[in-house]
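Residue numbers (the UniProt record's numbering): 1 to 572.
To keep things clear, I will list the structure first and then write my remarks on it.
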Ligand code: WTA
């Protein structure tokens, strides 16, 4: 069933009229809101925290934190002091200087946020690592970035192959009863006694801020480097798209290991001086609704998989909670099904607003704004200051309603600065005519709304997490029984896609369910739980090109009963 267009809803939004703004807007106007437009020197952590701590927001709650054992809140002033202390600890005991990579590998907690801000205050580049990463994934990232300092917990430290990481000089451990030596230091002990006065490192707007590793269809995960300049767009979209206002209580459900958890879990909300709710622990429908009720969350940013899981938990649970505080609900990461929007209207009496962007883009690009009509199933329209188009493989713009590559005109403020150690990879994203090619296919309708159609490449989106098939295949090949492996995304009603692996075994190994389970576990413990194939199918041989590349599109066609297309490059 197709939903009819949902009319715009009247409200006192930050962005009153999309059309007016789209033609008159200039990013330079946003720059003027920050002090650095005069000095030219900037620091994200100062703009996000300290700036507010010096105003009427001083005693406003910046961070509400809750998990199974903790329930805490921190004002902007407290966040300023604590991040200064963290900065002093990194400086004194980790010799952290501008440009050094400081990686943070820990579950969500106030300390994660304080450490991140403290490192940024020194001009360091922060690399957040998702807590579910296992040894192989952790090693790849710390090795490629040559991280000098790591902040982690005793539990997660077990997954860090410290001996194999010569660049890693100091490891700060967050926990209790830490046994110290010259490499391993008790973070909290030093924070406690550190000074709360810190000299902030003022950097150029194009200096490194954050390094997010993300997957493509080939090669290992790549480090997408964002710079302090991203704040311009993160701030402005937090205003226009998240519609954050002074009284709002905002909850972004994403972990800082993923870009949504930094751009809109740290920077966007705090740049606008908003109270930010962070919840640790695992997803449980009842806990989520309780979070909204207990904190009186007004703006809620989550993902289609989460909404679908809540939907699956049934509407009866919802009746136990008062969710009338919700004012604005948003989604990111995968296509937002019209069915989910219909459910949102029914249970929250709210339109769920889709937003489209990527790790590489640093901030929202195509969105449904609060003031806009929503066409369910469409990602919305480009934000003011951003030009989007559908182009063909030669870089020519296509007319409305033609499917092609979703592309963005280069030059939006939060665009990635480079790919770490791989400028050629960075360059490969762009057409000479200045279009950034997203890797998504889409079309634009006659009203300028964009409709997502799929990935052009083989990247898998499972539960909103981006997984590169190559990374999974490489891990599968390390298993002693595996001769060949090909990995695809298989459509799934809840998770968007699940990971399916086709595996050819080496001589002497018997196909069995036990072996499937063992192989699955091997990926789970070697890489990450979310990267482990939910389905494994044994085949005698996998389809390959004459040069030996696994043809994933053929595997996908087999799986989905689709035509296999051109097979001329396939080996006999
Ligand atoms: C997909 C997440 C459909 C898309 C911020 C993109 C979406 C990839 C949407 C980036 C959406 C993101 N509708 N698909 N609203 N938002 N995607 O880097 O394929 O983890 O290229 O960034 O997610 O994933 P990433």
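Glycine residues also receive a C-beta, built at the ideal position from the N, C-alpha and C atoms.
Between residue 391 and residue 397, the alpha-carbon positions lie close to 4 Å from each other. In the three-state reduction of the DSSP assignment, residue 211 falls in the strand class. Not one heavy atom of the ligand WTA is found less than 7 Å from the C-beta of residue 497. In this structure, residue 351 keeps its C-beta atom at 8 Å or more from the C-beta atom of residue 15. Judged by DSSP in its simplified three-state form, residue 205 adopts coil rather than helix or strand. A heavy atom of the ligand WTA is found nearer than 7 Å to the CB of residue 336.
Taking all protein chains shown into account, residue 311 has 16 or more neighbouring C-beta atoms within 10 Å of its C-beta and is therefore buried. Distances from the CA of residue 259 to each of 62, 54, 357 were compared; the closest alpha carbon is that of 357. For residue 333, the shortest separation between its Cβ and any heavy atom of the ligand WTA lies below 7 Å. In this structure, the alpha-carbon of residue 90 lies about 6 Å from that of residue 96. Classified as buried, residue 501 has 16 or more neighbouring CB atoms from the shown chains inside 10 Å of its CB.
In the DSSP assignment, residue 103 forms a beta bridge with 127, 150. The beta-carbon separation of residue 278 and residue 70, rounded to 11 Å, does not stay under the 8 Å limit for a contact. A distance of 8 Å or more separates the beta carbons of residue 336 and residue 382. Here residue 159 is not near residue 143, since their CB atoms are 8 Å or more apart. Of the residues 157, 161, 276, 204, the one whose Cα lies closest to the Cα of residue 242 is 276. Between residue 150 and residue 257, the CB-CB gap reaches or exceeds 8 Å.
Assignment of residue 459 by DSSP, reduced to helix, strand and coil, places it in the coil class.
Annotation: residue 258 is outside any beta strand (DSSP E) and is labelled neither H nor E by DSSP. In this structure, the C-beta of residue 452 approaches the ligand WTA to less than 7 Å from one of its heavy atoms.
Relative to the Cα of residue 537, the nearest Cα in the group 484, 474, 354, 455 belongs to 484. Residue 519 is positioned such that its CB atom lies no closer than 8 Å to that of residue 462. In the structure shown, residue 423 adopts helical secondary structure according to DSSP, grouped into three states. For residue 113, no beta strand (DSSP E) segment is defined; the enclosing uninterrupted segment is the alpha helix (DSSP H) at 110–121. Taking residue 264 as reference, the option from 247, 300, 12, 291 with the minimal CA-CA separation is 300. In the DSSP assignment, the residues bridged to residue 173 are 152, 186. The shortest CA-to-CA distance from residue 148 to any of 176, 133, 184 is the one to 184.
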